[in-house]
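Asker:
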Amino acid sequence: MRKTSSSETAVRTRDPQRTKGQILEAALHEFANHGYDGAKVHQIAKQAGCNTRLIYHYFDNKERLYMAALRQIYSDIRTQEEALHLESLPAEEAFTRLIETTFDFFENNPAFLAITRSENLLGGRFIAQMPEIQKMSAPFLSKVSDVLSRGCTAGVFRPGIDPLQLYVSIVALSAHHINAGHTLSATFGTDLSCHEWRRERRTHVVETIIHAIRRSPPRA
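Residue numbering for the sequence shown follows this note's numbering, starting at 24 and increasing by one per position.
(1) Where does residue 101 sit, in a helix, a strand or coil, going by DSSP?
(2) I think residue 129 touches residue 93, with their Cβ atoms under 8 Å apart; what is that distance to the nearest whole Å?
(3) Note down the Cα distance separating residue 222 from residue 104, rounded to an integer number of angstroms.
(4) Which residue comes first and which comes last in the alpha helix (DSSP H) that contains residue 230?
(5) Taking buried to mean at least 16 other C-beta atoms within 10 Å of its own C-beta, is residue 191 buried or exposed?
(6) Specify whether the region 203–218 and the region 123–138 touch according to this definition: at least 3 beta carbon pairs, one from each stretch, less than 8 Å apart.
(7) Would you check if the region 178–185 and the region 222–239 touch, i.e. whether three or more CB-CB distances between them fall below 8 Å?
(8) Can you find at least 3 beta carbon pairs, one from the region 164–171 and one from the region 75–83, that sit closer than 8 Å?
(9) So residue 49 packs on residue 70, CB below 8 Å; how close in whole Å?
(10) Starting from residue 128, follow its DSSP beta bridges and name the residues at the other end.
(11) My assumption, with CB atoms under 8 Å, is that residue 184 sits in contact with residue 138. Please give the rounded CB distance.
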């Protein structure tokens, strides 16, 4: 890759949002592939087509750049969830849409799973310093609780379902086949990455969750 000229750098600094976006995109790729400890700032600069001084200008250091990447991936999933407008949908449809959206998000955003795996290996060290992530997630969990309450009142869902337990189950069922795809594929001799298997998996996850929360019909 050719070196970035001083004139190009000057143009970039006049469009800081675009430049920061390019750096962040490159950082997401680098942190997803190598984790926090393995990621290199000079590689991020190379992928972004800028010099390392510009990265330090916008993000101060590697730690702040990594935290910006964490903030971005959580903002992305919360934005997609917000766009569902769960509060305006019938309760069962709301959860069906939420499950499908969560499944598809993980399917189409492998960087999210890779970076959160890395952060878990770090013991959640950085995300624990970011109260804004909890702040952006709390309203979503409240919406999940509201949908459960509406469904229970309508006689569609069984009572006593914990919203966080339910959401963690949705995440687990939607992500484990990706996180453990290589070992599961080798263990059972089935390619869990193929389109057909993933499509069947999506249907299975929706059916499993909806069946788990539905109120059982009264016995005759």
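C-beta: ideal position from N, C-alpha, C; glycine also. Just so we're clear, the structure is a prediction, and the values are computed from it rather than from any experiment.
Answerer: By the coordinates alone:
(1) helix
(2) Contact doesn't hold; Cβ gap of about 16 Å is too wide.
(3) 21 Å
(4) 218–236
(5) exposed
(6) no
(7) yes
(8) no
(9) That belief holds up - the Cβ atoms of residue 49 and residue 70 are roughly 4 Å apart, short of 8 Å.
(10) Paired residues: none, contrary to the question.
(11) Not confirmed; about 29 Å, so no contact.
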